[in-house]
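Below, the structure is given as C-alpha cells:
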C-alpha cells in the first residue's frame, strides 16, 4: 500500500497502551525525498509507541493541504505532525487546531504562534555555512548561479543568508538565478530553469548554490547529460540524502557538498513529545523551537554518512 497517497488510512497496533491516540501526519509534497522521510520516520515512531496513524499528502497542492488539515481537525485527531508545512498560508487551520486542543508539531516548517513545538535546523547558520563553503570552492572569485525556492521558510532563509554573503564577496558574481514556483511538477520546473541558466552562462559558470537536495539531483542529472562534471562546476546544496551522498562520492557528479538536516531524528523527537503530552504532560507555555545541527558532508567525510 502506498503510505503517501492523498487519501487517508489508519494503522492500528494491538494491545496499545492507555495513553495511545491518533496522530495525523501530513506533508505538502510526497515526491520530495525529505518530506517522505519525515512522514515515514514519524509514522514508524508513532506505531512503535502504540498510536494509530493517519498519513496524508497534498501532492504539492495548497488547496489540498488546507483540506487535509481541516479534515484532520474534524476527525478529532489527538495530535498532528506537519513536515515542511505552510505556517503562514494555513494560519487559520493551525489556530483552529489550537482552539480545539489538538497539539501540532512542525518539522522544518517555520514559526507559527499556534504551534507549541517546532523542530528545525537553524537555517541562517546552514545558509551561511553552505554559502561560505561555496565561496571557498570558488576561491572567492568567479561566476556562480543559484536555484532557489521561496515557498518554504527554511530554503527561503538560507537564500537570504547567501545573499548577505555574496554582497560581501567583491570577486564573486551571481550571474543567473532560477526560483522554483511550480510545487506540483517541481522537477520539471527546476530542470527548465537550470536549462535556461546553462544555455546562457555555461561558458563562465564555475559554481552553483541549490536550495535543497531534490533540486540539486535534477540539476546534476542535466549537467551530466551534457558532459559537465565537477572539473568545470561545483554544486553545493542542503538536506542530506543517500542519493546525494553517493553523488558526492562519485567523480562524475557536480555535487561536491551538502549539509545534512536530521529529518528522521526530528520526526522521532516529535512523536516523543506527543507521547508525553498524551500522558498528561503540559504543553509548552509559549511556542518553542528546538534546533538540530546540520553537519557538512563532502568528499572528506561522505563515507561515514553512506549506508551500504
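In full-length UniProt numbering, the protein residues as written are 1 to 308. By construction, the Cβ of each residue, glycine as well, lies at the ideal position given by its N, Cα and C atoms. Bear in mind the structure is a predicted one, so any value in this text is a computation, not a measurement.
Residue closest to residue i, alpha-carbon to alpha-carbon, out of the options
i: residue 254; options: 279, 217, 48; result: 217
i: residue 258; options: 59, 66, 151, 296; result: 296
i: residue 126; options: 24, 210, 230; result: 210
i: residue 234; options: 306, 131, 66; result: 131
i: residue 180; options: 205, 225, 159, 150; result: 150
i: residue 260; options: 251, 293, 282, 272; result: 293
i: residue 265; options: 246, 288, 249, 240; result: 240
i: residue 169; options: 138, 34, 75; result: 138
i: residue 230; options: 213, 237, 242, 248; result: 248
i: residue 204; options: 159, 244, 251, 173; result: 173
i: residue 317; options: 144, 166, 220, 270; result: Given a span of 1 to 308 for the chain in the structure shown, any question on residue 317 remains unanswerable.
i: residue 196; options: 146, 242, 185; result: 146
i: residue 183; options: 102, 58, 263, 289; result: 58
Per DSSP, cross-strand counterpart(s) of residue i
i: residue 279; result: Residue 279 pairs with nothing; no bridge assigned.
i: residue 124; result: DSSP, once it has assigned bridges, lists no residue as partnering residue 124.
i: residue 173; result: 143
For residue j and residue i, the rounded distance between their alpha carbons
i: residue 227; j: residue 113; result: 48 angstroms
i: residue 278; j: residue 21; result: 7 angstroms
i: residue 104; j: residue 80; result: 5 angstroms
i: residue 268; j: residue 73; result: 22 angstroms
i: residue 161; j: residue 100; result: 37 angstroms
i: residue 280; j: residue 274; result: 10 angstroms
i: residue 206; j: residue 176; result: 12 angstroms
i: residue 298; j: residue 123; result: 19 angstroms
i: residue 284; j: residue 117; result: 8 angstroms
i: residue 140; j: residue 66; result: 44 angstroms
i: residue 303; j: residue 86; result: 34 angstroms
i: residue 119; j: residue 77; result: 20 angstroms
Coil, strand or helix - residue i by DSSP
i: residue 288; result: strand
i: residue 340; result: The structure shown does not extend to residue 340, since the chain spans only 1 to 308, so no value can be given for it.
i: residue 307; result: coil
i: residue 241; result: coil
i: residue 84; result: coil
i: residue 43; result: helix
i: residue 193; result: helix
i: residue 29; result: coil
i: residue 49; result: coil
i: residue 272; result: helix
i: residue 79; result: strand
i: residue 184; result: coil
Practice task
Only counting runs of 3 or more residues, tell me where the beta strand (DSSP E) segments fall wholly within the region 202-263, in order along the chain.
Solution key: 205-210, 234-236, 255-259
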